[in-house]
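Listed in order, the protein sequences are those of chains H, U and Y.
The first sequence finishes on residue 269 if you use UniProt numbering, and the numbering steps up by one all the way, no holes.
The second sequence finishes on residue 345 if you use UniProt numbering, and the numbering steps up by one all the way, no holes.
The third sequence finishes on residue 309 if you use UniProt numbering, and the numbering steps up by one all the way, no holes.
Think of the CB as a built atom: it goes at the ideal place given N, C-alpha and C, for glycine as much as any other residue.
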Amino acid sequence: MASTNFDIKTYPGFKAVTLLCLIVLYAPLVVVTIYSFNASQSLTNWEGISLRWYADVFSGPESSKFKEAAKNSFIIAIIAATVSTSIATLAATGMVRGGKFKLRTVSFGLISLPLMVPEIVTAVATLIFFNSIGFDRGIMTILLAHIAFCIPFAYLPISARMQGIEDSYEQAAQDLYATKRQAFTKILLPLMMPGIISGFLLAFIVSLDDFIITNFVKGAGVETLPTAIFGSVKQGIKPNIMAISTMLLGVSVVMVTISYFVSKKDNTK
Amino acid sequence: MKSFMKNSAAAMALIIGANAAAAEGNLVLYHWFEYIPQDLIEKFTAETGINVTMDTFDSNEAMLASLKAGGIGTYDVSVPGDYMVSIMAGEGMLDTIADGELKNKGNIASEWADPSFDPGRKHSIPYQWGSTSFAVNRDVYSGDIQTTDILFNPPAELQGRINMLDSQGEVMAMAALHVGIPQCSNDREQLKALNAMLIEAKAHWASFNSDTAKEVLVSGDAAVGQIYDGFSAKAREEGANVEYAYPTQGYIAWMDNVVLLKDAPNRDSALKFMDFLLEPENIAAVTNYARYNAGVNGVEEFLDPELATQPEKNPHDKVGPGVFIEVCSQEVQAVYDQIWTNVKK
Amino acid sequence: MAAGAASGGSATTDTYKEARTWLLLPAWVTLCILILAPVLMMLVYSFLTKEFRGGVIWEFSLAAYDQFFFDRGLFGDDPPKIEWTYIAIFWRSIWQAGAATLLSLVIGFPTAYFIATRAENMRPVWVFLITIPYWVNLLIRTVSMKFLLRDQGPLNDFLINIGLIDSPLHIVNTNFAVQLGLFYSYLPFMVLPIYAAVERYNFNLSEAAADLYASKWTTLRRILLPAVKPGVIAGCILVFVPSMGSFLAPDLLGGAKNFMIGSLIEEQFKGNAGNWPFGAAASMILLTMVLIILMIFARQQAKAEKSGG
């Protein structure tokens, strides 16, 4: 079919715009990756390839700060993604397999609330909330805030996947005298796995990525990678920040590749 | 899923462990950005075994706001400027250092031992002192720069290329010098003139930024920057062709101080840190790094000899007075806040 | 996402009907305590009195909203006039977000269309290419953009070297830099919904139009665009809403002078101002505006679905 209406489908210039779009998207990242290998102290002069800024990240004057921040970031992202994915999986089951009920629209609204409220508003609200109940800010406040706003990000792929699974499998299992609990854990959950993994990865990356909310609710001396990086770049971009960026880019590409193949497997099933 | 659970349990244990460790051998420092060499912090840790974590701020007002917003009780020491020490003391945010608690208190230079902002040094010790005015890129402008006109009524070459400090205290005090009125004046006409002057001047300003005050000069993004003397020296050393001005109308003098915060979670560590900073060799390391001046006796032998001839430290003979920022009354402060809003919008 | 919100999710079976309450309880509890309660508390704070040097006093006051909407002069005793300062900041935010949305649409629509008209097995690869940069931290992307655009940055070096310009272009600290940053922050939110809509579009319609001698561009305007309109609207909303409240792009690329709402709010809590009730009030006003926009959108979407079905 592609050949018969190829002409109708093609518009002149659209391909050029697409290529332009890709250039705009990748140019900054490519440039930063290249410059992270620059041997020069100065940002603008190129003095040959070197790994000195990578060494600087691990052993330079700011290394302890960044190591601590990276540790915090990963701990928070793992816990927040785990908890929010669990909550989201249960909620998705309730929403997609729970029949029609009065509070369904309200529940859906509540779950997607963190997506509708601008991030800066959530940040302000959470700061005020913790402050008004006298909850000392620290790593715990970051974690709680992250769990809450990660829920919809975990929920969306999970519920999308669940809608794609017919419940005849679970019905069949129940016809064979499986309890509902067994039908859920033995049939539905395994079928759901690609959706759950996508949800987990999405929540993980959203938590790892968050700056605004974390910046508001973090306590004394607690930094995550984004807040530590922000603290550094406020005084100007330094080569060691580019090295960190490049490494984070690497982590992201690995994660997105995993999620790509998981979802691909999902399609071919 | 099981391995996730395991991971998160391990991580949870780490968090709880981290919180438990906070009880002893820690110091939580709330400091200006780029104002203490990392080596010195490491030296402190090596000498005392106390672990230092640090948050940074970029203006006295931002620090005050953050401490007011639940920061008290989580930080041990902070480094406010002179006027901010009196504000914080007035707000009851500072703890009192009892006699004999600091064994190096005698090292404080006599001219800084009993300052008006903290009589008897009950809450604070000197950190660094210096001045604030502005630096001009000499590649861009070669005319006379010893006047506040450069900031508030700039020549054509400099219009639109000025970075101001994002600090209400410093901008307002400098503006008062330019208009020639006393700081914190409650005279309506004077306040109106101040407001009108600033609104005209801001049309020529490119940005408000303290963190990047040095960087914009080095990168050439700005041709004029309101800046502290040592920061200007560092900009020059990093390759910017900038000259630090001492305007004939006057300039701002300041002293930053290490204060003991109320409800400090690690009060003993805080006192050890203050004693550490009263050792001439240690505070000299700060001076060599930040290019300002220490307020402690016996630092001279440890100082970088270049500091003495640093042009940023040596005003010409027509320089105006160096004034400290004053603490305004609540009524005047409300007007200042309104003017500041008008300027920043 | 917002599209889903509008239609309230879709098909459901009742396999776990009895357990429904327990399944939903953790989400209800978490979100009520950590999102809903905080927003309500923020509403309360917006009606409290500011303490002189930061912090709040638990006394009812309309001062925050008064400060937002009315100008009472330098000394606070003039007869109230309309205060344009904050309205202007909101207006600038709307304008900047609008320009960024337009930019995203102009670039995003052809891109989405191009991808949706590739061979079926190539489409995921193109989508993958567009989305990869978005797995990189937003902060890092914004900083990278700033590095690229600096006066002495690689872009200006490049343009000078190939002889296109003589002196560096000033891009950083301009409105355009902020728009570019916002565009860069949220582009896939534009591309993906449009892509999904074009993919569902029945190209026989275009063919029929061509048979009737409609030109290509007429077909695009009269046949294709109306058909993919819901996707376009969804994309615009998904770019516009987060752009309005964004903080990183204006702060890093615009300098502190191209103040947007996000920076205004941030300054009340983290910066010089320290006025919590005012920050809470500004946040409430922003939230109200966003919810109104989403509601209008939901209506439109429902209408489009009705007429479409």
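Cβ pair residue i, residue j closer than 9 Å
i	j	result
M274 (chain U)	I125 (chain U)	yes
I120 (chain H)	I140 (chain Y)	no
I199 (chain U)	Q190 (chain U)	no
W340 (chain U)	V179 (chain U)	no
S144 (chain Y)	P28 (chain H)	yes
D221 (chain U)	D77 (chain Y)	no
G235 (chain Y)	I194 (chain Y)	yes
I325 (chain U)	Q146 (chain U)	no
G274 (chain Y)	L187 (chain Y)	no
V28 (chain U)	G221 (chain H)	yes
residue 351 (chain U)	V218 (chain U)	Outside the modelled stretch of chain U, which goes from 1 to 345, sits residue 351 (chain U), for which no answer is possible.
W53 (chain H)	F66 (chain H)	no
Contacts that residue i makes with chain H (C-beta to C-beta distance below 8 Å)
i	result
E215 (chain U)	Q235 and G236
Q38 (chain U)	P61 and E62
Cβ-heavy atom distance, residue i to the ligand PLP, below 8 Å
i	result
I87 (chain H)	No copy of the ligand PLP appears in this structure; indeed no ligand is present at all.
CB contact below 9 Å: residue i versus chain H
i	result
Q333 (chain U)	no
T212 (chain U)	yes
R141 (chain Y)	yes
M42 (chain Y)	yes
D229 (chain U)	no
L155 (chain Y)	yes
S144 (chain Y)	yes
K2 (chain U)	Its pLDDT being 46, under 50, K2 (chain U) is placed unreliably by the model, and the measurement read from it follows with that caveat. Not one chain H Cβ lies under 9 Å of K2 (chain U).
V218 (chain U)	yes
L225 (chain Y)	no
Residue(s) in a DSSP beta bridge with residue i
i	result
F134 (chain U)	U:Q226 and U:A245
V77 (chain U)	U:L29 and U:L260
V56 (chain Y)	Y:K50
Q128 (chain U)	U:D256
M260 (chain Y)	Answer by DSSP bridge pairing: none, since M260 (chain Y) is not bridged.
S207 (chain U)	U:N163
L94 (chain U)	U:L261
G322 (chain U)	U:Y251
N56 (chain U)	Rather than Asn, the amino acid found at residue 56 (chain U) in this sequence is Thr. DSSP, once it has assigned bridges, lists U:H31 as partnering T56 (chain U).
I49 (chain H)	H:N38
D71 (chain Y)	Y:K81
N293 (chain U)	U:W129
N195 (chain U)	Bridge partners of N195 (chain U): none, in fact.
I108 (chain U)	U:V296
N51 (chain U)	U:N26
Closer than 8 Å at the beta carbon, the chain U residues around residue i
i	result
A220 (chain H)	V28, Y30, T53, D55, G71, T74 and Y75
P118 (chain H)	The premise fails here: P118 (chain H) is roughly 20 Å from chain U at the closest Cβ pair, so nothing lies under 8 Å.
A282 (chain Y)	Those within 8 Å of A282 (chain Y) in chain U number zero; the least Cβ separation is about 12 Å.
Listed by chain order, chain H residues near residue i by CB distance under 7 Å
i	result
E34 (chain U)	Q235
Y45 (chain Y)	I128
Any chain U beta carbon closer than 9 Å to residue i
i	result
L127 (chain H)	yes
K270 (chain Y)	yes
Min CB distance residue i to chain Y below 9 Å
i	result
A23 (chain U)	Residue placement at A23 (chain U) is flagged as unreliable, the pLDDT there being 41, under the threshold of 50; a coordinate-derived value is accordingly withheld.
L189 (chain H)	no
A245 (chain U)	no
residue 277 (chain H)	Because residue 277 (chain H) is not part of the residues shown, which for chain H are 1 to 269, the question remains open.
L176 (chain H)	no
V262 (chain H)	no
Y26 (chain H)	yes
8 Å Cβ cut-off: residues of chain Y touching residue i
i	result
L64 (chain U)	R53, G54 and G274
D221 (chain U)	R150, D151, V172 and N173
Contact list for residue i against chain U, beta-carbon separation under 9 Å
i	result
L74 (chain Y)	R188, L191, K192, N195, V335, Q338, I339 and N342
Neighbouring residues, chain Y, relative to residue i (Cβ below 7 Å)
i	result
Y169 (chain H)	Under the 7 Å cutoff, chain Y gives no residues; its nearest Cβ is about 10 Å from Y169 (chain H).
A148 (chain H)	T30, L31, L34 and I35
E170 (chain U)	Within chain Y, no residue comes near E170 (chain U); the closest Cβ sits about 11 Å away, beyond 7 Å.
Chain U contact residues for residue i, given Cβ-Cβ distances below 7 Å
i	result
T85 (chain Y)	T341 and K345
Closer than 9 Å to chain B by CB, residue i
i	result
D149 (chain U)	In the structure shown, chain B does not exist; the protein chains are H, U and Y.
Neighbouring residues, chain Y, relative to residue i (Cβ below 9 Å)
i	result
M255 (chain H)	W135
Every unbroken alpha helix (DSSP H) inside the region 90-156 of chain H [4 residues or more] = Counting only runs of 4 or more residues that sit fully inside the region 90-156 of chain H, the alpha helix (DSSP H) segments are 104-116 and 119-132, in chain order.
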